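Participant:
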Amino acid sequence: MVTGQNASVTQKGLNQRQEKIVEIARSEGFVGIEKLAALFDITPQTIRRDIALLCDHGILRRYHGGASLISNTRNVDYTERREVMKDEKARIGQMVAAHIPDGASLFLNIGTTTEAVADALLNHKNLNVVTNNINVAAKLSQQESFDVSIAPGHVRPRDLAVIGEATIDFIKQFKVDFGVIGISGIDEDGTLLDFDYREVRVAQTIIENSRTTFLATDHTKFGRRAMVKLGNITELDGLFLDCLPPAPYDELIKSSTVTAHLVSES
Numbered sequence: 437m438v439t440g441q442n443a444s445v446t447q448k449g450l451n452q453r454q455e456k457i458v459e460i461a462r463s464e465g466f467v468g469i470e471k472l473a474a475l476f477d478i479t480p481q482t483i484r485r486d487i488a489l490l491c492d493h494g495i496l497r498r499y500h501g502g503a504s505l506i507s508n509t510r511n512v513d514y515t516e517r518r519e520v521m522k523d524e525k526a527r528i529g530q531m532v533a534a535h536i537p538d539g540a541s542l543f544l545n546i547g548t549t550t551e552a553v554a555d556a557l558l559n560h561k562n563l564n565v566v567t568n569n570i571n572v573a574a575k576l577s578q579q580e581s582f583d584v585s586i587a588p589g590h591v592r593p594r595d596l597a598v599i600g601e602a603t604i605d606f607i608k609q610f611k612v613d614f615g616v617i618g619i620s621g622i623d624e625d626g627t628l629l630d631f632d633y634r635e636v637r638v639a640q641t642i643i644e645n646s647r648t649t650f651l652a653t654d655h656t657k658f659g660r661r662a663m664v665k666l667g668n669i670t671e672l673d674g675l676f677l678d679c680l681p682p683a684p685y686d687e688l689i690k691s692s693t694v695t696a697h698l699v700s701e702s
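Taking our numbering, the leading residue of the sequence shown gets 437, the next gets one more, and so forth.
(1) Since LEU675 and THR695 are thought to touch, with beta carbons under 8 Å apart, how far apart are those beta carbons, to the nearest angstrom?
(2) Do the stretch 548-563 and the stretch 624-633 make contact, defined as three or more Cβ pairs closer than 8 Å?
(3) Return the CA-CA distance between THR603 and LYS471, expressed in angstroms with no decimal places.
(4) Taking the alpha-carbon positions, what's the MET531 to GLN578 distance?
(5) Could you work out which residue in ASP613, LYS456, ARG637, ALA488 is closest to ILE619 when comparing CA atoms only?
(6) Below 6 Å CB to CB, which residues in the same chain sit around ASN508 once its five sequence neighbours on both sides are set aside?
(7) Return the bridge partner residues of ASP613 from the DSSP annotation.
(8) Between the alpha carbons of LEU542 and THR549, how many angstroms are there, rounded?
(9) Less than 8 Å between the C-beta atoms of VAL467 and GLY502, yes or no?
(10) Does the Cβ-Cβ distance between VAL612 and SER646 come in under 8 Å?
(11) List, from N- to C-terminal side, the beta strand (DSSP E) runs of 3 residues or more that fit wholly inside the stretch 453-506.
(12) If we ignore side chains and look at the alpha-carbon of each, how far apart do ASN568 and ILE536 end up?
(13) So the alpha helix (DSSP H) ALA573 belongs to, where does it begin and stop?
(14) Mapping DSSP to helix, strand and coil, what is LYS690?
(15) Restricting to Cα atoms, I'd like to know which of ARG485, LEU596, TYR685, GLY621 is closest to LEU450.
(16) When you compare the CB positions of PHE650 and ASP673, do they come within less than 8 Å of one another, or not?
(17) Going by beta carbon distance, what residues of the same chain come within less than 8 Å of SER504, once the five residues before and after it are set aside?
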């Protein structure tokens with residue numbers, strides 16, 4: 437239990453409990469109301485008031501059941517991301533598609549690299565695809581032999597991603613052969629990072645319900661900072677890259693148990 441919940445107000449206008457809530461959000465990416473209430477041995481209503489204050493101060497962003505830290509790290513706009521490393525993403529997509537047989541079932545997540553995977557899968561037959569990406573669903577529905585299911589939830593206008601609790605509940609109903617995800621950043625210890633807690637929760641659910649999980653990304657994501665922890669590369673079965681990243685990330689991949697597939701060596 438954390439003590440000192442009635443401590444004096446700091447120079448930032450926050451008491452020690454509220455400072456601790458910010459510290460936990462910075463460490464874990466998300467703070468849950470019920471968990472914090474138990475930790476501080478106070479009522480959920482008091483925690484909600486703390487979170488409301490922190491949101492008013494522009495420190496946290498409120499989500500269902502809790503809040504997360506507002507990142508100062510800028511996520512590149514979707515239209516920009518679609519053009520960055522475009523040729524490399526296309527080749528990564530082709531390499532991932534080569535590891536998925538006809539007749540397989542799979543999840544395809546949010547991201548411009550996973551959309552490149554969708555493009556490369558159009559020559560396959562009889563795939564069963566579940567996605568929370570409207571762009572992916574539109575691409576794959578062109579193939580008449582595919583069975584494409586799109587998850588319900590909140591549509592994020594900037595990239596047509598579908599996220600939220602309804603999305604998670606829908607994905608939990610399936611157990612598929614392959615889960616293909618993207619990522620915004622990878623830390624030196626192999627931590628997978630992203631910007632949106634809601635997006636991360638969907639990706640975590642995809643990993644949990646896939647027999648084999650592939651991460652499709654390019655080398656520029658290594659060392660890129662984002663706030664929310666998704667997992668670690670050790671949880672993956674395959675890592676698909678355009679080339680090895682520079683040190684120290686190259687050694688991270690070489691020493692990891694995950695199988696790395698490089699476009700530069702294919």
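All C-beta atoms in this analysis are idealised placements derived from N, C-alpha and C, irrespective of residue type, glycine included. Computed from a predicted model, the values in this text were never measured in an experiment.
Facilitator: On the basis of the supplied data:
(1) Sure, about 7 Å apart at Cβ, within 8 Å.
(2) no
(3) 23 Å
(4) 21 Å
(5) Out of ASP613, LYS456, ARG637, ALA488, ARG637 has the C-alpha closest to the C-alpha of ILE619.
(6) Because ASN508 carries a pLDDT of 45, less than 50, the predicted location of this residue cannot be relied on, and the following value inherits that uncertainty. Excluding sequence neighbours, ASN508 sits near nothing in its chain.
(7) Paired residues: none, contrary to the question.
(8) Between the alpha carbons of LEU542 and THR549 lies a distance of about 16 Å.
(9) Taking 8 Å as the Cβ cut-off, VAL467 and GLY502 qualify as a contacting pair.
(10) yes
(11) 496-499, 502-505
(12) Their backbone Cα atoms lie some 19 Å apart in a straight line.
(13) Taken as a continuous stretch (DSSP letters only), the alpha helix (DSSP H) holding ALA573 covers 570-576.
(14) helix
(15) ARG485 is the residue among ARG485, LEU596, TYR685, GLY621 whose C-alpha sits nearest the C-alpha of LEU450.
(16) yes
(17) ALA461, GLY465, PHE466, VAL467, LEU496, ARG497, TYR633, MET663, VAL664
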